[in-house]
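In my numbering, the protein residues as written are 14 to 304. All C-beta atoms in this analysis are idealised placements derived from N, C-alpha and C, irrespective of residue type, glycine included.
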Ligand SMILES: CC(C)(COP(=O)(O)OP(=O)(O)OC[C@H]1O[C@@H](n2cnc3c(N)ncnc32)[C@H](O)[C@@H]1OP(=O)(O)O)[C@@H](O)C(=O)NCCC(=O)NCCS
């Protein structure tokens, strides 16, 4: 059995990873790497046996501006072992390797664990943490018809994709817990522009999802666009609007914060006391930053 790592630009190794992710999670990385969205912050650690990948744990380098200070964390993702090799200690071995490699140089290691794997992560020494989720108060969810509405970016011609991608790389901050190196992960979710909307007069993109109401996932603009201004340009049709990120301090009074443990979706696991600041300071990892 051989341990290989950091090989995303090597086609042979990546195709073995693809085979295991397709089987386990139903996706692969080829379009993401070949499209130029991969920038080196996704680092897989994998066991190979007989020319086949049998287990993998990936480290995502995450840089955040957290309440005015740069924080460097590792987010673990793509944790998987081929079905016929499970319960032999392989994923635990890879996890220990990754933790040992990054624990000293990063301020914390975290992951969003599937509910079916909770015991596994506890056995790997991770503890559970809450976040705070923000929902906009009703009185700030009223459309102002005097203002131009956000329109689907997909219908705006070819040039719009480049403008969007440039802003993913380089937008004014719209969150008090903003991922700085968001290009790789945000493009993973939004490169088709399906849920991306643009308001020409503001020069501003938003990403909107539906999940028991509307979720405002991202606001991207060269100059800061105020949350109130953005909301006036969205037709919510009476639906609630949750934020998929932590608002700026100045916008927190427009929102209701609730402690969030992940419900039926996940548990947030962490190592490193610095990450206790997430719960203490009522922060929320951007939904579009999940690995
Ligand atoms: C979760 C997963 C990666 C574990 O891989 P694995 O190689 O079988 O794990 P290990 O053998 O290293 O397990 C280490 C310990 O955790 C336990 N464990 C592993 N998976 C577990 C599970 N799903 N539930 C309870 N305990 C589990 C093992 O029994 C072992 O315990 P021990 O040290 O007391 O013997 C694997 O089951 C998998 O690929 N699942 C599908 C994909 C998935 O859900 N990934 C997680 C997404 S967040």
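Starting from residue 222 and walking both ways along the alpha helix (DSSP H), at which residues does that stretch end?
For the purposes of this step, residue 222 is identified with residue 209 of the chain shown, where counting begins at 1. No alpha helix (DSSP H) contains residue 222, which is instead part of the beta strand (DSSP E) from 217–223.
Kindly list the residues whose CB is nearer than 7 Å to the CB of residue 27, restricted to its own chain and excluding five residues on each side of it in sequence; keep chain order.
By 1-based counting over the chain shown, the position of residue 27 is 14. Once the five neighbours on either side are set aside, the close Cβ partners of residue 27 are 20, 21, 42 and 46.
Looking at the strands, I want to know which residues DSSP matches up with residue 282.
On the chain shown, position 269 is the one that residue 282 refers to. DSSP output for residue 282 lists 124 and 141 as bridge partner(s).
Determine whether the beta carbon atoms of residue 163 and residue 279 lie at a separation below 7 Å.
For the purposes of this step, residue 163 is identified with residue 150 of the chain shown, where counting begins at 1. For the purposes of this step, residue 279 is identified with residue 266 of the chain shown, where counting begins at 1. Not in contact: residue 163 and residue 279 (Cβ atoms no closer than 7 Å).
Below 6 Å CB to CB, which residues in the same chain sit around residue 217 once its five sequence neighbours on both sides are set aside?
Sequence index remark: in the chain shown, residue 217 carries index 204 (1-based). Hits under 6 Å: 234 and 238.
Do residue 300 and residue 257 have their beta-carbon atoms positioned less than 7 Å apart in this structure?
In the chain shown, residue 257 corresponds to position 244, counting from 1. In the chain shown, residue 300 corresponds to position 287, counting from 1. Taking 7 Å as the Cβ cut-off, residue 257 and residue 300 qualify as a contacting pair.
For residue 211, which three-state DSSP category applies?
Here residue 211 refers to the residue found at position 198 when the chain shown is read from its first residue. The answer is strand: DSSP assigns residue 211 an E or B state.
According to DSSP, what are the bridge partners of residue 154?
Taking the first residue of the chain shown as position 1, residue 154 is located at position 141. For residue 154, which the question treats as bridged, DSSP gives no partner whatsoever.
How would you write the range of the beta strand (DSSP E) that residue 270 sits in, first residue to last?
By 1-based counting over the chain shown, the position of residue 270 is 257. Counting along the chain, the beta strand (DSSP E) containing residue 270 begins and ends at 268–273.
Measuring CB atoms only, is the stretch 280–291 touching the stretch 204–218, in the sense that at least three cross pairs come out at less than 8 Å?
Touching, no, given that fewer than three Cβ pairs across the two stretches are closer than 8 Å.
What would DSSP say about residue 66, mapped onto helix, strand or coil?
In the chain shown, counting from the first residue as 1, residue 66 sits at position 53. If DSSP states are grouped into helix, strand and coil, residue 66 belongs with the strands.
Would the C-beta of residue 99 count as close to ligand 1, meaning under 6 Å from any of its heavy atoms?
To locate residue 99, count along the chain shown from 1; it is residue 86. Because some heavy atom of ligand 1 lies under 6 Å away, the Cβ of residue 99 counts as near it: yes.
Could you check if residue 100 is buried or exposed, using at least 16 other CB atoms within 10 Å of its CB as the buried criterion?
Start at 1 with the first residue of the chain shown, and residue 100 comes out as number 87. Exposed, by the Cβ-count rule.
Quick check: what's the CA-CA separation for residue 312 versus residue 154?
The structure shown does not extend to residue 312, since the chain is modelled only from 14 through 304, so no value can be given for it.
With H, G and I counted as helix, E and B as strand and the rest as coil, what does DSSP make of residue 11?
The structure shown has nothing for residue 11, since the chain only spans 14 to 304.
List the DSSP bridge partners of residue 119.
Here residue 119 is taken as the residue at index 106 of the chain shown, counted from 1. Answer is none; residue 119 lacks a bridge partner.
Which whole-angstrom value is the C-beta distance of residue 94 and residue 68, which I expect to be below 8 Å?
Reading the chain shown from its first residue, position 81 is the one you call residue 94. Reading the chain shown from its first residue, position 55 is the one you call residue 68. Between residue 68 and residue 94 the Cβ distance is about 4 Å, and since that is below 8 Å, they are a contact.
Under the three-state reduction of DSSP, which class applies to residue 293: helix, strand or coil?
What you label residue 293 is simply residue 280 of the chain shown in a count that begins at 1. Look at residue 293 here: in three-state DSSP terms it is helix.
In this structure, how does DSSP classify residue 72 when only helix, strand and coil are distinguished?
Here residue 72 refers to the residue found at position 59 of the chain shown. Three-state DSSP puts residue 72 in a strand.
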